[in-house]
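Quick notes on the structure that follows.
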Amino acid sequence: MTRKVQTPTAVDFETLYRDYGRSVLNLVYRMTGDEEVARDLTQDIFYKIYTRLDEFEGRSRIYTWIYRIAVNHVLNYLKRERRRKWVELLEKRTSEIFQEASERVEWKVPPESPDARMERHQREAIIWQMIQQLPDKLKLPFVLHRYEQMSYKEIAEILELSVSAVEARIYRAGKQLVKKLEPWLGKI
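In the working numbering, the protein residues as written are 1341 to 1528.
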């Protein structure tokens, strides 16, 4: 019987995955809005972390390094998806586009419901939909701060920005969200 010997790198990686796996998955889900895609991308991210573990130089905290890899990986994915969607859109006929647009508008209108839980879910869905419409450079710092409870300094390290740039982007994201949510304020 052969026994597998764990290298220090494998042990380190298991610890990293156990400590940061769920946080990275949550971040990726918040950036993509798709659970299946988030799981796939999280696997890709941790594979990338595993193959680059020896490149970590210790100039930042390990979670900052991990989040930077995750954010860059997801941003690259989103760019590819955006390009792919534009190509698909250009290939569609105009009538199909108008049909899909009218179906989406009907879906966005929240139905009246006496159930408070259902109403809360609807509010969250509307807000999340508006967050997804923010430009990536505003959405990402906002999500990291609001949903990942990261400080401005931590976000600045991950995104390689100044703290004041992070503050400004989060502020602008909030202003844009309020503006986008104005039509819904009476309904949510």
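From the three backbone atoms N, C-alpha and C, an ideal C-beta is built for every residue, glycine too. Keep in mind it's a predicted model, so treat the numbers as computed, not measured.
What span of residues does the alpha helix (DSSP H) with residue i cover, start to end?
i: Ser1504; result: 1503-1521
i: Tyr1492; result: 1492-1499
i: Glu1488; result: Here Glu1488 belongs to no alpha helix (DSSP H), and DSSP marks it neither H nor E.
i: Asp1384; result: 1375-1392
Straight-line CA distance for residue i to residue j?
i: Ala1465; j: Tyr1487; result: 14 Å
i: Gln1462; j: Pro1523; result: 15 Å
i: Lys1519; j: Glu1354; result: 44 Å
i: Tyr1511; j: Thr1391; result: 37 Å
i: Glu1395; j: Arg1401; result: 13 Å
i: Glu1494; j: Leu1521; result: 28 Å
i: Leu1501; j: Ile1406; result: 16 Å
i: Gly1361; j: Met1458; result: 30 Å
i: Val1404; j: Phe1386; result: Position check: residue 1404 holds Thr in this sequence, whereas Val was assumed. Their Cα atoms are separated by approximately 14 Å.
i: Glu1421; j: Glu1397; result: 32 Å
i: Arg1399; j: Asp1476; result: 26 Å
i: Ala1470; j: Arg1509; result: According to the sequence shown, residue 1470 is Met rather than Ala. Using only the alpha carbons, I get a separation of about 16 Å.
i: Met1490; j: Ala1410; result: 15 Å
i: Ser1363; j: Arg1408; result: 13 Å
Looking only at its own chain, which residues have a Cβ that is under 7 Å from the Cβ of residue i, when we skip the five neighbours before and after it?
i: Val1378; result: Before going further, note that residue 1378 is Ala rather than Val in the sequence given. If we look at Ala1378 and ignore the five residues flanking it on each side, its Cβ neighbours are Leu1365, Val1368, Tyr1369, Thr1372.
i: Gln1472; result: Gly1373
i: Asp1384; result: His1413
So, at 8 Å on beta carbons, what are the nonlocal neighbours of residue i in its own chain, with the 5 sequence-adjacent residues on each side left out?
i: Trp1468; result: Gly1373
i: Gln1516; result: Leu1474, Leu1478
i: Glu1375; result: Tyr1369
Considering only their Cβ atoms, is the gap separating residue j from residue i smaller than 8 Å?
i: Leu1478; j: Leu1499; result: no
i: Tyr1417; j: Leu1381; result: yes
i: Val1503; j: Ala1496; result: yes
i: Leu1393; j: Asp1352; result: yes
i: Leu1356; j: Ile1389; result: yes
i: Val1506; j: Tyr1492; result: yes
What do you reckon, is the C-beta of residue i under 7 Å from a heavy atom of the ligand GTP?
i: Leu1480; result: No copy of the ligand GTP appears in this structure; indeed no ligand is present at all.
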